[in-house]
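First up is the structure itself, then whatever we jot down about it.
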Amino acid sequence: MPGKKIIAVVGATGAQGGGLVRAVTSDSNSGFTVRAVTRDINSGKAKELAKLGAEVVAANVDDPESLKRAFAGAYGAFCVTFFWDHFSPEKELAQATAMAQAAKHAGLQHVIWSTLEDTRKWVPLGDNRMPTLMGKYKVPHFDAKGEADKVFTGLGLPVTLLLTSFYWDNFIHFGMGPKKGPDGKLAFTLPMGDKKLPGIAAEDIGRCAYGIFKKEREYIGKTVGIAGEHLTGAQMAAALTRALGQEVRYNAVEPDVYRGFGFPGAEDLGNMFQFKRDFEQYFCGARNLDVARSLNPALQTFEKWLTANASRIPLG
Ligand SMILES: NC(=O)c1ccc[n+]([C@@H]2O[C@H](COP(=O)([O-])OP(=O)(O)OC[C@H]3O[C@@H](n4cnc5c(N)ncnc54)[C@H](OP(=O)(O)O)[C@@H]3O)[C@@H](O)[C@H]2O)c1
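Written out as structure tokens, the structure reads:
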């Protein structure tokens, strides 16, 4: 569309990028259009985005040349990596580097990098409160994203570093939802003690990113943290109990117990929750609810998210 600025969206068929695509295409007064980046322009999800009015293009974050083509002529890009598809922090770093270089090559005016903390700044490898994983990480799926921040800033890109939060959607898709115990009662398990966990509806991440693009230069060169609410396990259990109409308990375990659960990524997630627990004040402080709401006035609370989504939570 003539005169409109193009935002290239990586992960457009997924949770974060999809939220951004829908935020732009549902805003009839938007000064932006979206270019949805996918590996398969013929998938059902890609076709749905085209129906919403997105331009859909093929690229793979493992293929730097395809990213250059996908970013060419755009005003901005939303960049995200997909740790849980491959469990490799090195791959994430290489993909982030390819996106940053493609952004530089295209001369983009605004890049949003969806990132997380390099936890080694708080818990150096020699700190034994949590185990070192894969030889050089504490929280592999956080650390490589945080390490990639300096790839974006080092290239001198006009970048906003977007610190995201735990998706409440993990209760639906990531096997973290309440499960029936031997006593027949529902409980979900997190190693957070009585500390607060910043959470967000995954859809709201893209909406906040849209808010950042709309603010033009205001957030360039800045780090912005977002969350919908900061809640303790007990508070989440109370909200789940109300929404599901049956008692849900919070089963607080120690991080060591969680790390030992044995599912793929259990150690990484055990360390991640321990980081959030042990550095609660920093971690919540870095995710300001008022800032998130100013970027996305429709920002959902956990209660609001549950109203729309509780029926989708599988109760094992
Ligand atoms: N779960 C949480 O609580 C949470 C919280 C904060 C941050 N995160 C981070 O969020 C990231 C994932 O984002 P998401 O949840 O939005 O992902 P997602 O919903 O799993 O979507 C990923 C999309 O990315 C595309 N994709 C995958 N590999 C690709 C590749 N090689 N090249 C191009 N596109 C590719 C896929 O689209 P096509 O198949 O169409 O190509 C897929 O639809 C992870 O790194 C995770 O650490 C998660």
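First residue of the sequence shown? That's 296 in our numbering, and the numbers climb one at a time after it.
Where is the CB? At the ideal position from N, CA and C, for every residue including glycine.
The structure displayed is predicted, hence computed values, not measured ones.
Taking the CB atoms as reference points, tell me whether residue i and residue j lie closer together than 8 Å.
i           : j           : result
residue 361 : residue 372 : no
residue 491 : residue 526 : yes
residue 406 : residue 306 : no
residue 497 : residue 462 : yes
residue 486 : residue 552 : yes
residue 544 : residue 610 : no
residue 304 : residue 298 : no
residue 444 : residue 390 : no
residue 283 : residue 370 : The structure shown does not extend to residue 283, since the chain is modelled only from 296 to 611, so the question has no answer here.
residue 302 : residue 508 : yes
residue 534 : residue 594 : no
residue 379 : residue 560 : yes
residue 411 : residue 377 : no
residue 428 : residue 562 : yes
residue 515 : residue 592 : no
residue 399 : residue 344 : no
residue 572 : residue 488 : yes
residue 401 : residue 367 : yes
residue 500 : residue 339 : no
residue 467 : residue 607 : yes
residue 397 : residue 346 : no
residue 539 : residue 605 : yes
Using three-state DSSP, classify residue i as helix, strand or coil.
i           : result
residue 520 : strand
residue 302 : strand
residue 552 : helix
residue 578 : helix
residue 408 : strand
residue 328 : strand
residue 424 : coil
residue 446 : helix
residue 596 : coil
residue 546 : strand
residue 333 : strand
Give me the Cβ distance between residue i and residue j, rounded to the nearest whole Å; I'm assuming they're in contact under 8 Å.
i           : j           : result
residue 518 : residue 456 : 4 Å
residue 460 : residue 521 : 6 Å
residue 523 : residue 587 : 7 Å
residue 351 : residue 331 : 5 Å
residue 435 : residue 384 : 4 Å
residue 327 : residue 316 : About 11 Å separates the two Cβ atoms, so there is no contact after all.
residue 483 : residue 470 : Not confirmed; about 10 Å, so no contact.
residue 494 : residue 597 : 6 Å
residue 359 : residue 310 : The Cβ separation is near 24 Å, so there is no contact.
Legend entry - Segment contact, 8 Å Cβ cut-off, at least three pairs: the region 498-515 with the region 556-574: no
Legend entry - beta strand (DSSP E) runs wholly inside the region 336-399, at least 3 long, in chain order: 350-353, 371-374
Legend entry - Ordered list of beta strand (DSSP E) runs contained in the region 453-541, each at least 3 residues: 454-458, 481-485, 492-495, 518-520, 524-526
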